[in-house]
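Enquirer: Chains Y and B are the protein sequences, given in the same order.
Using the working numbering, the first residue of the first sequence is number 15, and each one after it goes up by one.
Using the working numbering, the first residue of the second sequence is number 7, and each one after it goes up by one.
C-beta atoms are modelled at their ideal positions from N, C-alpha and C, and glycine is treated no differently.
So that we are looking at the same thing, I have put the structure below in structure tokens.
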Amino acid sequence: MKQTFIVSIIIVVLGLIFSLFMSGMWMAVVLPLVIMISMQITGRRAFGTGFLGVALLWLVLILIKDVPNHHILSSRMAGLLGLPNSAMFILVNVLLGGLLGGLSGWSGAVLNKAFRK
Amino acid sequence: MRKVIAILPLVFTSLLVYFLTKPMGSIPALGKLLDPVVGCWASAESVNKNYNNKLKLDGLKKGVTVSFDERLVPHIKAGNDYDLYYTQGYLHAYFRLWQMDLQTRAAGGRVSEILGDKALKFDRTQRRKGMVYGAEQSLKAMEADPRSKQMLDAYTAGINAYINTLSFKTYPLEYKLAGFEPEPWTNLKSALLLKYMADDLTGYTEDIALTVLRDMLSPEEFAALYPERLHGVNPVIPHDSVKQTASLSAPAIPADSIAWAHLTATDFEVEEEGKGSNNWVLGGSRTKSGKPILCNDPHLGLNLPSLWYEVQMTAPGINVYGVSLPGSPGVIIGFNDNISWGFTNNYRDVKDFYAIQPASATTYKFAGKEQPYINRAEKISIKGKPDYYDTVKYTVQGPVMYEETFHGPGGLKKPIAVTWMAHRPSNEVLALYMLNRSGNYNEYVAAIHNFLCPAQNMIYADRHGDIALWGQGQFINKWRGQGRYVMNGADSATLWGQNIPVAENPHAHNPAQGYIASANQTVTDTTYPYWYNGYFYEFRSWRINDVLRNTRNATVEDMFALQNDVFSVLASNVLPVMLTHITPNEITDKERNYLNMLGSWDYRLMAESKAATVFQVWWANLYATLWAKRFGKIPDQLKPSPERTMQLLKEESPYLGNIKGAVVASLRNSIDSLEKLKKADRLEWYKAKNTSVKHLTKLAPFSYSDLKIGGWGNTVNAAKTDHGPSWRMVVQMGDAIEAYGVYPGGQSGNVGSKYYATFLDKWVKGEYYKLSFYTADAKPAATYTWSINPKNK
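So, in structure tokens, the structure goes:
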């Protein structure tokens, strides 16, 4: 549990730095993959950690834009996607990042196992 | 088996990434769009964004300062013309790149590149109309004059300087939604944008429908229902103006058998009903200050990002404020240190159609001979499909717009060629260059004489006290009736003849009545020596003239009130007549309830008026009923005009048949619609008509609807469903210029910016901003400042 939390924080911190030159989607794929390859972790926990880390990272990145914007953009985007409000839009957006991060973390764990054999 | 399972997460991840980065049909690549770093979130602009900026730009000659006021209107101060237009281009691109890119692609028939083959018909229409051909012709003229060439070159360089800074992350959101990319700007794109406006304002195809109608009706009937000149009009050029003399004599009228083509069509396509506009100017004799007041509100499509971008432009020899069109350099409507001006559409017909008689696949009959077509290959790129090639045949008259392979309105298969003023070389950019710098009446006249298409009623006032108006454009010395219907393309007598010298265009300069007003009505009285026709509208003109005739000691506030006036001349004339045909004991209770609402109505289409809705619904039904027998299938726009119908109704004309029956039946038919509105709580006029300002994509979350504004196309405040006053401006030409304005939008085109629709509220309420116009030597009070310097200097 503690490990999951620490690794997630590492993903968030690295992600915030990488966001200066890297897209959110590539970070969601690369960061958990690389980190989990270098760890001994079960597939399930790797998924959970990647999911949590990237979801948090995306949430922070989004809030940095959304809060000073007073939700102008997110409300309009929510409308486009047929969602009731900006919070729902952010939730969907964050879950998407989490899914990417989770799958990528799981892939990392599997690759780690493969290399160890 | 375990190994297979082991690679599953890798497969899932790859599939998800693939799915998220590929657009599916019209759905954009979601992963890119929702990316928190480079996706839509990059467009979320802080409401406290600090716009201050220091820029180093390639190609700029000297330093430029841009001071933004609190409404984000830039006041550009440059050391020379080049830098001035360079900076304007940079600003237009910075705030409005997507709209100018899209509009010029649309003008040139290139929408299929973005939307796929569903836009192919639109693109082919644009090509066949000769939009690109016309833009190329004008570009030649624009690049032949060093002033307009430099203006365009600088403007294009400024736009491209901004485009070159962009990456996917910084693209306007709409590019990410539609999955295309900005392309480098060219001078041709600016020329295309001006043709886009010309098409919007002169692109009517009514000639074709009128041809069919003329053959349907007897000559007497046709003349009564479609009079060439309506009686009782207040022409733009007042009766007491200096009478124009003609240096050209009228060409001989060819025999009917030579002049006209005959067409049959079963149904009609019509374009959106007329785009109106108002402008008027009061001389000092009619104002409280003793100084002229100029007013203008051009009515155009209500869209976001707005068509207009407000700007002040200052450099040696120029200090001008007003609205500009993103995509074109200079100020279109506005004022400078000495003069102010405004435009309304002139509506004289400058687009005529010819029925072409093919002789073979590659030739057509003309003047007793076979002439070869000149072919122009139009390549249309289509997203996800192979390129489409359309060959457009050009005759001596112009491009063959419709033919067997591209049907015209009503399934018309006969080849029809079009002669259109917008195909001729003209330099409107130079006209604006000179107009922006004009200091007096003579300079204004010299400037606007370069403005050839779209023809405009160009109103004028200056600080010396002069007021004027020119019905300016390039017109043809036509024989009586020429171009009213589709002409016979095989005879040379139907070709357009000589240009009327622009100096002989209708104009008024300081008329005795002390004011001049134009609202798309008939331009001149019968003393004007040249024949013309057009699509004129009279209601707003009647109202404006009625008010101004009695105006003394006018203030700018009086002018605000007139621009927001919603008095319906139509209602005040026809409703009393309609009511006389109603017998109280022959109507139902429901009908009586609605009629009671009209009892104390003052004929004003106020936002909250329910009576206004009752009248509008009833009138629409009556109009349809009156013409139902004669013009069953023909859409409203092609029926006798509401103005003419109103006159016939008041005269109890036999052409209308059983008027009483129509009035009673139409009231009965209205009840259903009214009940429906009532049930939906939409009986108030603003709800019933639903004035909306829509994003160019029509996406509802980027748009505003149900705006609480009164009026209709036939009232001065012409706020229709998707058309209306696109820029309201009032300028008092005192020693210090006092100017007010508002447009339904905001300075930023970014849907994620608080400046996206900032002005909309005031526009709806009929309020104005006082415009901050600084003299050339004053230092603007800046909320934000950009200092721009040349790179490597």
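Kindly indicate which three-state DSSP category residue 38/Y falls into: helix, strand or coil?
Expert: helix
Enquirer: Using DSSP with H/G/I as helix, E/B as strand and the rest coil, what is residue 425/B?
Expert: strand
Enquirer: From residue 345/B to residue 323/B, what does the alpha carbon distance come to, in whole angstroms?
Expert: 14 Å
Enquirer: Should the stretch 604-620 of chain B be regarded as contacting the stretch 670-689 of chain B, the criterion being three or more beta carbon pairs within less than 8 Å?
Expert: yes
Enquirer: Under the rule that 16 or more other beta-carbon atoms within 10 Å means buried, what is residue 486/B, buried or exposed?
Expert: exposed
Enquirer: Of all the CB atoms in chain B, is at least one closer than 7 Å to the CB of residue 126/Y?
Expert: It does not: the Cβ of residue 126/Y has no partner Cβ on chain B nearer than 7 Å.
Enquirer: DSSP has residue 485/B in a bridge; who is on the other side?
Expert: For residue 485/B, which the question treats as bridged, DSSP gives no partner whatsoever.
Enquirer: Considering residue 83/B, what are the terminal residues of the beta strand (DSSP E) in which it resides?
Expert: 80-83
Enquirer: If you run the structure through DSSP and keep just helix, strand and coil, what is residue 55/B?
Expert: coil
Enquirer: Would the stretch 347-359 of chain B and the stretch 518-530 of chain B be scored as touching if the rule is three or more Cβ pairs under 8 Å?
Expert: Yes: at least three Cβ pairs fall under 8 Å.
Enquirer: Are the beta-carbon atoms of residue 793/B and residue 71/B separated by less than 7 Å?
Expert: yes
Enquirer: Using the beta-carbon of each residue, which ones in chain B are nearer than 8 Å to residue 100/Y?
Expert: Correct list: empty, because the minimum Cβ distance to chain B is about 10 Å.
Enquirer: Give the residues of chain Y in contact with residue 707/B, contact being defined as C-beta atoms less than 7 Å apart.
Expert: 90, 93 and 94
Enquirer: In chain B, which residues lie with their C-beta within 7 Å of the C-beta of residue 114/Y?
Expert: 22
Enquirer: If you draw a straight line from the C-alpha of residue 25/B to the C-alpha of residue 42/Y, how long is it?
Expert: 15 Å
Enquirer: Taking Cβ-Cβ distances shorter than 7 Å, what residues in chain Y pair up with residue 40/B?
Expert: Within 7 Å Cβ-Cβ: 107 and 110.
Enquirer: With distances taken between CB atoms, is the gap from residue 765/B to residue 790/B smaller than 7 Å?
Expert: no
Enquirer: Can you confirm whether residue 67/Y, when its beta carbon is compared against all beta carbons of chain B, has any partner nearer than 7 Å?
Expert: no
Enquirer: Return the chain-ordered list of same chain residues with a C-beta closer than 7 Å to the C-beta of residue 491/B, the five sequence neighbours on each side being excluded.
Expert: 213, 216, 217, 220 and 266
Enquirer: In chain order, what residues of the same chain have a beta carbon less than 8 Å from the beta carbon of residue 418/B, not counting five sequence neighbours either side?
Expert: 214, 269, 271 and 408
Enquirer: Among 701/B, 244/B, 157/B and 156/B, which one has its Cα closest to the Cα of residue 475/B?
Expert: 244/B
Enquirer: Considering only DSSP beta bridges, list what residue 347/B is partnered with.
Expert: 340/B and 466/B
Enquirer: For residue 30/B, count neighbouring Cβ atoms within 10 angstroms of its own Cβ and tell me buried if that reaches 16, exposed if not.
Expert: It counts as exposed.
Enquirer: Grab the span of the beta strand (DSSP E) containing residue 302/B for me, first residue to last.
Expert: 299-307
Enquirer: Roughly how many angstroms separate the alpha carbons of residue 206/B and residue 120/Y, rounded to a whole number?
Expert: Looking at the two C-alpha atoms, the distance is approximately 58 Å.
Enquirer: Give, in chain order, every unbroken run of the alpha helix (DSSP H) that is at least 4 residues long and sits entirely within the stretch 135-207 of chain B.
Expert: As for any alpha helix (DSSP H) of minimum length 4 sitting wholly inside the stretch 135-207 of chain B, the runs are 137-150, 152-169 and 179-184, ordered along the chain.
Enquirer: Looking at chain Y, is there any beta carbon in it that lies within less than 7 Å of the beta carbon of residue 47/B?
Expert: Yes, because at least one Cβ of chain Y sits closer than 7 Å to the Cβ of residue 47/B.
Enquirer: May I ask you to list, following chain order, the residues of the stretch 743-761 of chain B that have a beta carbon less than 8 Å from some beta carbon of chain Y?
Expert: Answer in chain order: 757, 758, 759 and 760.
Enquirer: Anyone know if the C-beta pair for residue 480/B and residue 427/B falls short of 7 Å?
Expert: yes
Enquirer: For residue 62/Y, go through chain B and note every residue whose CB falls closer than 9 Å to its CB, in chain order.
Expert: Those within 9 Å of residue 62/Y in chain B number zero; the least Cβ separation is about 13 Å.
Enquirer: Decide if the stretch 71-86 of chain B is in contact with the stretch 331-351 of chain B; the criterion is three or more beta carbon pairs, one per stretch, under 8 Å apart.
Expert: Note that the stretch 71-86 of chain B does not touch the stretch 331-351 of chain B; fewer than 3 beta-carbon pairs, one per stretch, sit closer than 8 Å.
Enquirer: Fully enclosed by the stretch 214-275 of chain B, which alpha helix (DSSP H) runs are 4 residues long or longer?
Expert: Here the runs fully enclosed are 225-231 and 262-265.
Enquirer: What does residue 61/B pair with, by DSSP beta-bridge criteria?
Expert: Residue 61/B is bridged to 794/B.
Enquirer: For my contact list, residue 297/B and residue 652/B are in at a C-beta cut-off of 8 Å; report their separation, rounded to the angstrom.
Expert: That pair is no contact at about 37 Å.
Enquirer: Can you give the Cα-Cα distance for residue 45/B and residue 30/Y, rounded to whole angstroms?
Expert: Approximately 16 Å between the Cα atoms of the pair.
Enquirer: So which residues of chain B does residue 87/Y contact, with C-beta pairs closer than 9 Å?
Expert: 46, 47, 49, 50, 51, 179, 756, 757, 758 and 759
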